[in-house]
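Numbering (the working numbering), first residue to last: 4 to 439.
Glycine included, every Cβ here is placed at the ideal spot set by N, Cα and C.
All values derive from a computational prediction rather than experimental measurement.
Let me begin by presenting the structure, written as C-alpha coordinates, before commenting on it.
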(Lines of atoms letter the chains of each structure in order from A and count residues from 1; the text may use other names and numbers.)
(Lines give C-alpha, C1' and ligand atoms only; values in the text may rest on other atoms or scores of the structure.)
Protein backbone atom coordinates (compact mmCIF):
# COMPACT_ATOMS: atom_id res chain seq x y z
CA UNK A 1 0.00 0.00 0.00
CA UNK A 2 1.08 3.57 -0.63
CA UNK A 3 -0.12 6.29 1.67
CA UNK A 4 0.72 9.80 0.53
CA UNK A 5 0.56 12.97 2.54
CA UNK A 6 2.32 15.26 0.15
CA UNK A 7 2.26 15.81 -3.60
CA UNK A 8 5.18 13.37 -3.90
CA UNK A 9 4.11 9.78 -3.05
CA UNK A 10 5.36 8.28 0.19
CA UNK A 11 5.58 4.49 0.31
CA UNK A 12 4.58 3.41 3.82
CA UNK A 13 2.23 1.03 5.60
CA UNK A 14 0.06 1.26 8.71
CA UNK A 15 1.12 -0.90 11.65
CA UNK A 16 -2.28 -2.12 12.78
CA UNK A 17 -0.72 -4.40 15.41
CA UNK A 18 0.69 -1.34 17.14
CA UNK A 19 -2.77 0.18 17.51
CA UNK A 20 -4.83 -2.86 18.46
CA UNK A 21 -4.12 -6.44 19.48
CA UNK A 22 -5.49 -8.28 16.48
CA UNK A 23 -5.89 -7.75 12.76
CA UNK A 24 -8.48 -10.48 12.40
CA UNK A 25 -11.84 -9.80 10.80
CA UNK A 26 -14.30 -7.94 13.07
CA UNK A 27 -16.54 -10.05 15.29
CA UNK A 28 -19.98 -8.74 14.41
CA UNK A 29 -22.93 -11.12 14.61
CA UNK A 30 -25.55 -8.40 14.35
CA UNK A 31 -27.70 -8.20 11.23
CA UNK A 32 -26.61 -5.56 8.76
CA UNK A 33 -29.78 -3.53 9.32
CA UNK A 34 -28.97 -3.20 13.04
CA UNK A 35 -25.66 -1.52 12.22
CA UNK A 36 -27.42 0.74 9.75
CA UNK A 37 -30.10 1.64 12.28
CA UNK A 38 -27.44 2.48 14.87
CA UNK A 39 -25.65 4.75 12.40
CA UNK A 40 -28.86 6.51 11.42
CA UNK A 41 -29.60 7.13 15.09
CA UNK A 42 -26.13 8.40 16.05
CA UNK A 43 -24.78 10.11 12.93
CA UNK A 44 -25.17 13.88 12.63
CA UNK A 45 -26.54 14.68 9.19
CA UNK A 46 -24.67 17.35 7.23
CA UNK A 47 -27.11 18.61 4.63
CA UNK A 48 -24.48 19.86 2.18
CA UNK A 49 -20.70 19.90 1.84
CA UNK A 50 -20.95 23.30 0.14
CA UNK A 51 -19.30 25.77 2.54
CA UNK A 52 -21.62 28.57 1.39
CA UNK A 53 -24.80 26.73 2.38
CA UNK A 54 -25.74 27.29 6.02
CA UNK A 55 -25.65 24.15 8.15
CA UNK A 56 -27.97 23.86 11.13
CA UNK A 57 -26.52 20.68 12.63
CA UNK A 58 -22.94 21.76 13.33
CA UNK A 59 -23.90 22.69 16.88
CA UNK A 60 -23.28 19.01 17.64
CA UNK A 61 -19.56 19.69 17.18
CA UNK A 62 -19.50 22.01 20.18
CA UNK A 63 -20.59 19.28 22.55
CA UNK A 64 -18.32 16.61 21.09
CA UNK A 65 -15.18 18.74 20.65
CA UNK A 66 -15.75 20.36 24.02
CA UNK A 67 -12.74 22.27 25.35
CA UNK A 68 -10.24 20.82 22.87
CA UNK A 69 -7.77 23.50 21.73
CA UNK A 70 -6.69 21.70 18.57
CA UNK A 71 -8.96 20.13 15.97
CA UNK A 72 -7.51 18.03 13.15
CA UNK A 73 -9.51 17.84 9.93
CA UNK A 74 -8.27 14.97 7.78
CA UNK A 75 -8.91 14.18 4.14
CA UNK A 76 -9.05 10.75 2.49
CA UNK A 77 -7.39 12.11 -0.63
CA UNK A 78 -6.10 15.50 -1.71
CA UNK A 79 -8.32 16.04 -4.75
CA UNK A 80 -11.99 16.00 -3.65
CA UNK A 81 -14.09 19.14 -3.72
CA UNK A 82 -16.49 17.97 -1.00
CA UNK A 83 -13.67 17.26 1.45
CA UNK A 84 -12.36 20.78 0.94
CA UNK A 85 -15.86 22.20 1.25
CA UNK A 86 -16.94 20.39 4.39
CA UNK A 87 -13.66 21.24 6.12
CA UNK A 88 -14.17 24.92 5.27
CA UNK A 89 -17.72 24.68 6.62
CA UNK A 90 -16.51 23.12 9.88
CA UNK A 91 -13.63 25.59 10.14
CA UNK A 92 -16.05 28.49 9.73
CA UNK A 93 -18.13 27.14 12.60
CA UNK A 94 -15.08 26.60 14.81
CA UNK A 95 -13.84 30.14 14.13
CA UNK A 96 -17.16 31.95 14.43
CA UNK A 97 -18.76 29.93 17.23
CA UNK A 98 -15.93 28.35 19.22
CA UNK A 99 -13.12 30.92 19.20
CA UNK A 100 -10.55 29.20 16.98
CA UNK A 101 -8.03 31.68 15.59
CA UNK A 102 -5.67 29.77 13.29
CA UNK A 103 -5.72 27.32 10.39
CA UNK A 104 -2.53 25.30 9.98
CA UNK A 105 -2.27 23.37 6.73
CA UNK A 106 -0.13 20.60 5.29
CA UNK A 107 1.77 23.16 3.22
CA UNK A 108 5.26 24.65 3.20
CA UNK A 109 5.93 27.06 6.06
CA UNK A 110 7.81 29.78 4.14
CA UNK A 111 5.38 29.69 1.20
CA UNK A 112 2.37 30.04 3.47
CA UNK A 113 3.52 33.36 4.90
CA UNK A 114 2.29 35.16 1.77
CA UNK A 115 -1.26 33.92 2.35
CA UNK A 116 -1.19 35.02 5.97
CA UNK A 117 0.04 38.47 4.93
CA UNK A 118 -2.83 38.69 2.46
CA UNK A 119 -5.66 37.54 4.72
CA UNK A 120 -4.52 39.55 7.76
CA UNK A 121 -3.14 42.76 6.21
CA UNK A 122 -4.30 42.75 2.61
CA UNK A 123 -0.75 42.55 1.23
CA UNK A 124 -0.64 41.16 -2.31
CA UNK A 125 -3.59 39.39 -3.88
CA UNK A 126 -5.51 36.17 -3.38
CA UNK A 127 -4.19 34.80 -6.67
CA UNK A 128 -0.61 35.86 -6.04
CA UNK A 129 -0.42 34.42 -2.54
CA UNK A 130 -2.10 31.23 -3.72
CA UNK A 131 0.43 30.81 -6.52
CA UNK A 132 3.35 31.31 -4.14
CA UNK A 133 2.00 28.57 -1.87
CA UNK A 134 3.28 26.15 -4.51
CA UNK A 135 0.67 23.46 -3.82
CA UNK A 136 -3.10 22.91 -3.61
CA UNK A 137 -3.71 24.67 -6.91
CA UNK A 138 -7.44 24.21 -6.70
CA UNK A 139 -10.35 26.64 -6.78
CA UNK A 140 -11.30 25.17 -3.41
CA UNK A 141 -8.04 26.51 -1.92
CA UNK A 142 -8.78 29.90 -3.46
CA UNK A 143 -12.25 29.81 -1.92
CA UNK A 144 -10.68 29.19 1.48
CA UNK A 145 -8.31 32.14 1.01
CA UNK A 146 -11.20 34.38 -0.03
CA UNK A 147 -13.29 33.38 2.97
CA UNK A 148 -10.42 33.96 5.43
CA UNK A 149 -9.77 37.41 3.96
CA UNK A 150 -13.45 38.39 4.03
CA UNK A 151 -13.79 37.17 7.60
CA UNK A 152 -10.88 39.33 8.73
CA UNK A 153 -12.17 42.38 6.84
CA UNK A 154 -15.54 42.03 8.54
CA UNK A 155 -13.91 41.43 11.91
CA UNK A 156 -11.71 44.52 11.53
CA UNK A 157 -14.74 46.59 10.50
CA UNK A 158 -16.17 45.80 13.91
CA UNK A 159 -13.15 47.46 15.49
CA UNK A 160 -11.28 44.25 16.24
CA UNK A 161 -7.85 43.04 15.15
CA UNK A 162 -7.73 40.35 12.43
CA UNK A 163 -9.06 37.25 14.12
CA UNK A 164 -7.89 34.49 11.81
CA UNK A 165 -4.37 33.50 10.74
CA UNK A 166 -3.14 30.91 8.26
CA UNK A 167 0.19 29.06 8.24
CA UNK A 168 1.67 25.97 6.66
CA UNK A 169 3.38 23.78 9.23
CA UNK A 170 5.16 21.47 6.77
CA UNK A 171 8.92 21.29 6.27
CA UNK A 172 8.36 19.37 3.00
CA UNK A 173 8.18 22.40 0.70
CA UNK A 174 9.22 21.45 -2.83
CA UNK A 175 12.14 23.83 -3.33
CA UNK A 176 13.98 26.62 -1.59
CA UNK A 177 12.83 29.41 -3.91
CA UNK A 178 10.54 31.25 -1.51
CA UNK A 179 12.71 30.46 1.50
CA UNK A 180 15.62 32.06 -0.38
CA UNK A 181 13.52 35.08 -1.37
CA UNK A 182 12.29 35.69 2.17
CA UNK A 183 15.72 35.23 3.76
CA UNK A 184 17.45 37.46 1.20
CA UNK A 185 14.84 40.19 1.55
CA UNK A 186 15.22 40.10 5.33
CA UNK A 187 19.01 40.36 5.17
CA UNK A 188 18.79 43.31 2.81
CA UNK A 189 17.01 45.16 5.61
CA UNK A 190 19.09 44.10 8.63
CA UNK A 191 22.52 43.18 7.20
CA UNK A 192 22.82 44.05 3.48
CA UNK A 193 26.48 43.05 3.28
CA UNK A 194 25.63 39.39 3.96
CA UNK A 195 22.60 39.11 1.67
CA UNK A 196 24.40 37.90 -1.47
CA UNK A 197 26.65 35.49 0.45
CA UNK A 198 23.69 33.76 2.07
CA UNK A 199 21.71 33.79 -1.17
CA UNK A 200 24.58 31.99 -2.92
CA UNK A 201 24.71 29.42 -0.14
CA UNK A 202 20.99 28.77 -0.50
CA UNK A 203 21.25 28.44 -4.27
CA UNK A 204 23.88 25.71 -3.79
CA UNK A 205 21.12 23.54 -2.28
CA UNK A 206 23.19 21.22 -0.09
CA UNK A 207 22.81 19.92 3.45
CA UNK A 208 26.08 21.62 4.36
CA UNK A 209 24.77 24.98 3.15
CA UNK A 210 21.51 24.43 5.03
CA UNK A 211 23.46 23.96 8.28
CA UNK A 212 25.63 26.97 7.49
CA UNK A 213 22.61 29.25 7.02
CA UNK A 214 20.96 27.98 10.21
CA UNK A 215 24.14 28.52 12.26
CA UNK A 216 24.64 31.93 10.66
CA UNK A 217 21.28 33.20 11.88
CA UNK A 218 21.61 31.63 15.32
CA UNK A 219 24.91 33.47 15.83
CA UNK A 220 23.42 36.89 14.96
CA UNK A 221 20.31 36.88 17.11
CA UNK A 222 20.99 39.98 19.22
CA UNK A 223 22.26 42.06 16.30
CA UNK A 224 19.35 41.23 14.02
CA UNK A 225 16.68 41.74 16.66
CA UNK A 226 18.22 45.15 17.38
CA UNK A 227 18.16 46.03 13.67
CA UNK A 228 14.65 44.70 13.12
CA UNK A 229 12.17 42.95 15.41
CA UNK A 230 12.18 39.79 17.49
CA UNK A 231 9.16 38.34 15.67
CA UNK A 232 10.70 38.93 12.26
CA UNK A 233 14.03 37.42 13.31
CA UNK A 234 12.40 34.35 14.85
CA UNK A 235 10.31 33.76 11.72
CA UNK A 236 13.37 33.86 9.47
CA UNK A 237 15.27 31.60 11.88
CA UNK A 238 12.36 29.14 11.75
CA UNK A 239 12.64 29.08 7.94
CA UNK A 240 16.39 28.47 8.21
CA UNK A 241 15.83 25.63 10.69
CA UNK A 242 13.56 23.88 8.17
CA UNK A 243 16.19 23.77 5.43
CA UNK A 244 18.21 20.77 6.59
CA UNK A 245 15.23 18.47 7.34
CA UNK A 246 13.73 19.60 4.03
CA UNK A 247 16.86 18.68 2.10
CA UNK A 248 17.26 15.38 3.96
CA UNK A 249 13.71 14.12 3.52
CA UNK A 250 13.72 14.78 -0.24
CA UNK A 251 17.14 13.15 -0.57
CA UNK A 252 15.87 10.10 1.33
CA UNK A 253 12.72 9.91 -0.78
CA UNK A 254 14.73 9.88 -3.99
CA UNK A 255 16.96 7.13 -2.60
CA UNK A 256 14.28 4.93 -0.96
CA UNK A 257 15.49 5.76 2.54
CA UNK A 258 13.26 6.38 5.58
CA UNK A 259 12.14 9.99 5.77
CA UNK A 260 8.85 10.18 7.69
CA UNK A 261 10.30 10.62 11.18
CA UNK A 262 12.51 13.41 9.83
CA UNK A 263 9.45 15.14 8.41
CA UNK A 264 7.16 14.60 11.39
CA UNK A 265 9.79 15.60 13.98
CA UNK A 266 10.37 18.87 12.14
CA UNK A 267 6.64 19.38 11.73
CA UNK A 268 5.75 18.97 15.41
CA UNK A 269 8.47 21.52 16.17
CA UNK A 270 7.00 23.85 13.55
CA UNK A 271 3.49 23.31 14.88
CA UNK A 272 4.41 24.12 18.47
CA UNK A 273 6.54 27.09 17.43
CA UNK A 274 3.73 28.58 15.32
CA UNK A 275 1.18 28.22 18.12
CA UNK A 276 3.50 29.78 20.70
CA UNK A 277 5.10 32.54 18.63
CA UNK A 278 2.54 33.48 15.99
CA UNK A 279 -0.85 32.49 17.44
CA UNK A 280 -0.48 33.40 21.13
CA UNK A 281 -1.30 29.81 22.14
CA UNK A 282 -4.75 30.16 20.62
CA UNK A 283 -7.09 27.43 19.41
CA UNK A 284 -6.12 26.02 16.02
CA UNK A 285 -7.46 23.85 13.20
CA UNK A 286 -5.18 21.50 11.23
CA UNK A 287 -5.90 20.64 7.59
CA UNK A 288 -3.94 17.59 6.41
CA UNK A 289 -4.24 14.08 5.05
CA UNK A 290 -5.87 11.53 7.37
CA UNK A 291 -2.56 9.77 7.89
CA UNK A 292 -0.83 12.93 9.14
CA UNK A 293 -3.52 14.08 11.59
CA UNK A 294 -4.44 10.60 12.87
CA UNK A 295 -3.03 8.77 15.87
CA UNK A 296 -0.93 6.73 13.45
CA UNK A 297 2.32 4.79 13.57
CA UNK A 298 3.62 3.84 10.12
CA UNK A 299 6.22 1.51 8.75
CA UNK A 300 8.74 3.53 6.74
CA UNK A 301 11.38 1.36 5.07
CA UNK A 302 11.51 -0.92 8.11
CA UNK A 303 11.41 1.85 10.71
CA UNK A 304 8.46 2.90 12.85
CA UNK A 305 7.44 6.46 12.03
CA UNK A 306 5.29 8.39 14.48
CA UNK A 307 2.99 10.73 12.60
CA UNK A 308 2.13 14.29 13.61
CA UNK A 309 -1.28 13.33 14.99
CA UNK A 310 0.21 10.68 17.25
CA UNK A 311 2.73 13.21 18.55
CA UNK A 312 -0.08 15.70 19.17
CA UNK A 313 -2.05 13.06 21.08
CA UNK A 314 0.97 12.43 23.29
CA UNK A 315 1.50 16.12 23.95
CA UNK A 316 -2.06 17.43 24.18
CA UNK A 317 -4.17 14.39 25.07
CA UNK A 318 -7.89 15.18 24.97
CA UNK A 319 -7.08 18.76 23.97
CA UNK A 320 -6.58 17.32 20.48
CA UNK A 321 -9.75 16.17 18.69
CA UNK A 322 -9.10 14.65 15.27
CA UNK A 323 -11.69 14.03 12.55
CA UNK A 324 -10.96 11.75 9.60
CA UNK A 325 -12.87 11.71 6.33
CA UNK A 326 -13.91 8.78 4.16
CA UNK A 327 -15.98 8.27 1.01
CA UNK A 328 -17.80 5.50 -0.83
CA UNK A 329 -17.74 6.40 -4.53
CA UNK A 330 -16.99 9.17 -6.98
CA UNK A 331 -14.15 10.97 -8.71
CA UNK A 332 -11.04 12.71 -7.44
CA UNK A 333 -7.81 14.22 -8.72
CA UNK A 334 -4.52 12.41 -8.11
CA UNK A 335 -1.29 11.61 -9.88
CA UNK A 336 -1.58 8.55 -12.11
CA UNK A 337 0.78 5.89 -10.77
CA UNK A 338 -0.18 2.82 -12.82
CA UNK A 339 2.76 0.93 -14.32
CA UNK A 340 3.63 2.20 -17.76
CA UNK A 341 1.55 5.35 -17.41
CA UNK A 342 2.87 8.87 -17.56
CA UNK A 343 3.14 10.50 -14.13
CA UNK A 344 0.32 12.97 -14.78
CA UNK A 345 -2.45 14.62 -12.79
CA UNK A 346 -5.62 12.74 -13.63
CA UNK A 347 -9.27 12.34 -12.63
CA UNK A 348 -9.73 8.90 -11.07
CA UNK A 349 -12.74 6.84 -10.02
CA UNK A 350 -12.03 4.55 -7.09
CA UNK A 351 -13.34 0.99 -7.08
CA UNK A 352 -16.38 0.50 -4.85
CA UNK A 353 -15.53 -0.71 -1.31
CA UNK A 354 -16.54 -4.22 -0.29
CA UNK A 355 -18.05 -5.45 2.98
CA UNK A 356 -14.63 -5.67 4.66
CA UNK A 357 -14.40 -1.85 4.65
CA UNK A 358 -15.78 0.84 6.91
CA UNK A 359 -16.97 2.74 3.84
CA UNK A 360 -19.26 -0.11 2.80
CA UNK A 361 -21.11 -0.07 6.12
CA UNK A 362 -21.30 3.72 6.25
CA UNK A 363 -22.72 3.75 2.71
CA UNK A 364 -25.45 1.30 3.67
CA UNK A 365 -26.76 3.72 6.29
CA UNK A 366 -28.14 5.74 3.37
CA UNK A 367 -26.97 9.18 4.59
CA UNK A 368 -25.17 11.22 1.90
CA UNK A 369 -22.98 13.25 4.28
CA UNK A 370 -22.65 12.81 8.02
CA UNK A 371 -20.45 13.43 11.07
CA UNK A 372 -19.95 10.65 13.60
CA UNK A 373 -18.35 11.23 16.97
CA UNK A 374 -16.09 8.31 17.90
CA UNK A 375 -14.71 9.55 21.22
CA UNK A 376 -17.86 9.33 23.35
CA UNK A 377 -19.35 6.02 22.18
CA UNK A 378 -19.91 3.15 24.61
CA UNK A 379 -18.15 0.37 22.73
CA UNK A 380 -19.26 -2.29 25.20
CA UNK A 381 -22.74 -2.25 23.69
CA UNK A 382 -23.60 -4.83 21.06
CA UNK A 383 -24.81 -2.18 18.64
CA UNK A 384 -21.59 -0.11 18.70
CA UNK A 385 -18.68 -2.50 19.18
CA UNK A 386 -18.54 -3.30 15.45
CA UNK A 387 -16.99 0.13 14.94
CA UNK A 388 -13.87 -1.06 16.76
CA UNK A 389 -13.16 -3.25 13.77
CA UNK A 390 -10.54 -3.75 12.65
CA UNK A 391 -11.76 -3.04 9.13
CA UNK A 392 -10.27 -1.60 5.99
CA UNK A 393 -9.97 2.17 5.64
CA UNK A 394 -8.80 4.13 2.62
CA UNK A 395 -5.51 6.03 2.56
CA UNK A 396 -5.35 7.57 -0.91
CA UNK A 397 -3.00 10.52 -0.98
CA UNK A 398 -1.68 12.42 -3.95
CA UNK A 399 -1.38 9.38 -6.23
CA UNK A 400 -3.58 6.47 -7.27
CA UNK A 401 -3.74 3.52 -9.65
CA UNK A 402 -7.20 1.97 -10.12
CA UNK A 403 -5.59 -1.32 -11.13
CA UNK A 404 -4.18 -1.62 -7.60
CA UNK A 405 -7.10 -0.28 -5.56
CA UNK A 406 -6.51 -2.72 -2.69
CA UNK A 407 -3.08 -1.16 -2.22
CA UNK A 408 -4.72 2.05 -0.95
CA UNK A 409 -6.44 0.44 2.04
CA UNK A 410 -5.13 -0.45 5.44
CA UNK A 411 -6.82 -2.45 8.18
CA UNK A 412 -7.27 -0.29 11.27
CA UNK A 413 -9.45 0.27 14.30
CA UNK A 414 -11.10 3.58 13.46
CA UNK A 415 -11.67 4.75 17.07
CA UNK A 416 -8.03 3.97 17.93
CA UNK A 417 -6.89 6.45 15.29
CA UNK A 418 -9.55 9.16 15.21
CA UNK A 419 -12.04 10.94 17.49
CA UNK A 420 -14.59 11.62 14.77
CA UNK A 421 -15.43 10.95 11.14
CA UNK A 422 -16.91 12.82 8.19
CA UNK A 423 -18.41 10.41 5.66
CA UNK A 424 -19.23 11.42 2.08
CA UNK A 425 -21.22 8.89 0.10
CA UNK A 426 -20.30 10.42 -3.26
CA UNK A 427 -17.47 12.77 -4.16
CA UNK A 428 -16.33 14.81 -7.15
CA UNK A 429 -12.93 16.04 -8.21
CA UNK A 430 -11.47 19.39 -7.24
CA UNK A 431 -11.31 22.22 -9.76
CA UNK A 432 -7.74 23.13 -10.79
CA UNK A 433 -6.78 26.76 -11.29
CA UNK A 434 -4.02 28.10 -13.52
CA UNK A 435 -1.77 31.09 -12.95
CA UNK A 436 -0.96 33.17 -16.01
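DSSP places residue 338 inside the beta strand (DSSP E), whose first and last residues are 323 to 339.
The continuous stretches of beta strand (DSSP E) do not include residue 129, which lies in the alpha helix (DSSP H) extending over residues 129 to 136.
Residue pairing by DSSP leaves residue 380 without any beta bridge partner. Less than 9 angstroms separates the beta-carbon of residue 129 from that of residue 152. In the DSSP assignment, residue 141 forms a beta bridge with 435. Using a C-beta cut-off of 8 angstroms, the stretch 166 to 181 makes contact with the stretch 109 to 127, since at least three inter-stretch Cβ pairs fall below that distance.
If you draw a straight line from the Cα of residue 323 to the Cα of residue 108, it is about 16 angstroms long.
Bridge partners of residue 291 according to DSSP: 77. Rounded to the nearest whole angstrom, the CA to CA distance from residue 426 to residue 249 is 33 angstroms. Using a 10 angstroms sphere on the CB of residue 350, the tally of other CB atoms stays under 16, which defines it as exposed. Residue 148 is not a Cβ neighbour of residue 92, given a cutoff of 9 angstroms.
When DSSP states are grouped into helix, strand and coil, residue 177 belongs to the coil group. Of all alpha-carbon atoms in 140, 288, 236, the one lying nearest the alpha-carbon of residue 337 is that of 140.
For residue 312, the enclosing alpha helix (DSSP H) stretches over residues 311 to 319.
In the DSSP assignment, residue 236 falls within the unbroken alpha helix (DSSP H) covering 233 to 257. Here residue 264 has 308 as same chain residues with Cβ atoms under 6 angstroms from its own Cβ, once five neighbours each way along the sequence are excluded. Rounded to the nearest angstrom, the gap between the Cα atoms of residue 231 and residue 142 is 37 angstroms. DSSP places residue 217 in the uninterrupted alpha helix (DSSP H) bounded by 210 to 221. If the five residues before and after residue 356 are omitted, its C-beta is found closer than 6 angstroms to the C-beta atoms of 362, 363, all from its own chain and listed in chain order. Note that the C-beta distance between residue 112 and residue 288 is not below 9 angstroms. Residue pairing of residue 413 in beta bridges, as defined by DSSP: 396. When secondary structure is reduced to three states using DSSP, residue 110 falls in the strand class.
Cβ neighbours of residue 312 within its own chain (closer than 7 angstroms, five residues either side excluded): 75, 295, 296, 297, 298, 299, 325.
Membership of residue 302 in the beta strand (DSSP E) is indicated by the continuous run 300 to 303.
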